[in-house]
Each structure stands twice: as structure tokens, then as C-alpha cells.
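Letter 147 of the sequence shown, counting from 1, is numbered 149 in my numbering, and no numbers are missing.
Even for Gly, the Cβ is constructed at its ideal location relative to N, Cα and C.
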Amino acid sequence: MIEKTLGIVLRQIKYGDTSLIVHLYTRRWGRMGIVVQGARSRSGKRKTALFQPLTILDLDIYHKSNRELQQVREARNAQPFIHLVADPVKSSIALFLAEILYKVLREEESNQAMFDFITDHLRLLDLAEEGVANFHLYFMIRLTRYLGFYPEDFGDQIPAWFNLESGTFQQDKPITGLSLPPGNGLILNKLLHCQPSQLGEISLNHSQRSELLEALLRYYRFHLEGFGEVRSLSVLTALFS
């Protein structure tokens with residue numbers, strides 16, 4: 003039976019001589035793997051381009067609940083992006099976010115609120131004119147709301163330590179070494195309270211941006227077993243150096 007859903011491409015892997023295995027996060031079923039036959043053949047180059055990471059697809063699928071890899075009847079680009087592909091800064095951020103999402107989106111069940119959050123923010127990144135260099139930080143923080151470890155709301159803008167284990171702000175330095183000092187804690191708190199349109203108002207130098215990103219990755223590793231290292235981090239670090 004053919005069923006329809008929207009899906010976000012997370013990663014593609016070569017399969018056989020001419021095909022691809024594509025990992026998706028779908029609005030209807032959550033995480034899913036599909037086989038794309040002939041995508042790497044001479045006549046299938048358009049298919050390969052269609053399944054680039056973070057492409058949002060409108061899918062017709064021969065879906066069977068007990069099948070590990072689903073078969074696709076047809077896939078269409080549901081949201082053509084311009085700047086995520088053409089802009090080197092945005093495309094590097096997109097590559098990083100795709101790897102983060104591949105690591106954290108593990109459930110084979112629907113979470114429509116999280117799916118909509120991701121697709122809405124991919125559109126925002128594509129269209130953003132200011133604050134692009136802070137977008138990945140903002141996205142990682144907001145994504146934790148759906149992953150179950152969203153930081154406690156500190157309310158005011160008084161500098162405080164951020165405890166990476168408990169996800170709370172506190173005036174005294176945490177006993178544990180997993181913490182963010184008050185200066186960066188204040189930046190984190192600003193990102194918690196701003197809107198995407200205000201990201202350009204948060205001025206960060208390379209050191210601040212790098213330290214906060216490393217702290218967020220430690221935060222993810224502590225709360226998500228098996229999160230591991232992020233290969234595309236070096237690209238992002240070099241980009242903003």
C-alpha cells in the first residue's frame with residue numbers, strides 16, 4: 003500500500019553498485035531508512051541531488067511496519083532551498099546540523115512537533131540575513147526542548163554558572179567540572195530568550211562562539227548516550243576562525 007509523508011534527509015550511504023540507502027526523519031513515522039534504486043547510475047544523478055542532507059521531501063512510500071528498509075515510489079522536493087545550497091556559510095552550518103540530527107533522531111515513532119520545529123528552522127536559516135553565525139547555537143539549544151533536557155529558564159540576565167549535568171543556572175560554581183562559566187552562561191541565557199530575528203543582536207567573537215559550541219556538545223554527550231564526536235565540527239570551527 004502506498005502511503006504519503008514528509009521527510010527530512012539526514013544522510014545517504016552508497017548501496018550496491020548504483021543505489022543509495024537514505025536515512026530520513028519523517029513526520030508520520032519518525033526515523034526511517036529507504037532504498038533508492040539506481041540513484042548512482044548515469045541516469046540517476048538527479049535522484050542523488052534530491053537526497054542531499056536536510057532536503058525536505060514529499061514522499062510516496064510502499065510502507066511495511068516490519069521492514070527495515072522501505073521502498074520509495076516517488077520523492078519530490080517539498081521545500082527547495084536556495085541559500086542552504088549556494089551560500090558556503092549556510093551550507094557548512096547545514097552540514098553540521100544534519101550530522102547532529104542524524105545522531106539524535108533515533109526514535110521510529112512520530113513526533114510531529116519536533117518535525118515541524120526542524121523544518122520551520124531550516125526555512126529560517128535559508129532566508130536569514132543576519133545572525134547566521136549564531137544560528138547553530140540557537141538551534142541546538144531549542145532542539146533540547148524536544149529531546150528532553152531543555153535548560154532551566156533563569157529569567158533575568160544576571161551572569162551565572164550553567165551546570166551541564168542538571169541543565170540549571172546557579173550563582174556558585176558547580177562541584178562537577180561539567181559547567182559553563184558566568185560569561186558564557188549569560189550568552190546561553192540570551193540565546194534561550196531571543197527570537198531567530200534577534201540573533202544578529204548577540205555579538206560573539208570566535209573564542210566565545212567556539213567555547214559555547216563545545217559546551218553544548220558536552221551537554222548533548224552527557225544527556226544522550228552514544229552521541230560521540232561530530233566530524234563536521236572542524237569545518238564549522240575553521241569557518242568562524
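Does the beta-carbon of residue i have 16 or more other beta-carbons within 10 angstroms, so that it is buried, or is it exposed?
i              : result
glutamate 101  : buried
asparagine 79  : exposed
alanine 217    : buried
tyrosine 64    : exposed
serine 181     : buried
proline 82     : exposed
glycine 9      : buried
proline 90     : exposed
asparagine 207 : exposed
glutamine 114  : exposed
lysine 49      : buried
glutamine 173  : exposed
Return the first residue and the last residue of the beta strand (DSSP E) that residue i is part of.
i           : result
lysine 192  : Where lysine 192 is concerned, there is no enclosing beta strand (DSSP E), although the alpha helix (DSSP H) it sits in stretches over 184–195.
tyrosine 17 : 4–17
arginine 33 : 32–38
serine 168  : Taken as a continuous stretch (DSSP letters only), serine 168 belongs to no beta strand (DSSP E), as it is neither H nor E.
Relative to the C-alpha of residue i, which residue among the options is closest?
i             : options                       : result
leucine 56    : Leu182, Ser212, His25, Glu167 : His25
glycine 228   : Leu235, Leu219, Ser236        : Leu219
proline 198   : Thr239, Asp174, Leu127        : Leu127
methionine 3  : Val74, Asp19, Gly185          : Val74
arginine 108  : Tyr27, Leu99, Ser234          : Tyr27
glutamate 131 : Leu201, Met142, Ile23         : Leu201
glycine 40    : Trp31, Tyr17, Ile58, Thr146   : Tyr17
Could you check where the alpha helix (DSSP H) with residue i kicks off and where it finishes?
i             : result
valine 87     : 85–88
threonine 239 : 235–241
serine 209    : 208–225
arginine 108  : Note, arginine 108: premise wrong, no alpha helix (DSSP H); not H, not E.
Tell me the DSSP bridge mates of residue i?
i             : result
isoleucine 95 : Answer is none; isoleucine 95 lacks a bridge partner.
tyrosine 64   : Ile4, Gln73
leucine 59    : Gly9, Asn79
tyrosine 27   : Ile10, Arg33
leucine 22    : Lys16, Val38
Could you check whether the region 155–172 touches the region 118–132, counting it as contact only if at least three pairs of C-beta atoms, one from each stretch, sit closer than 8 Å? no
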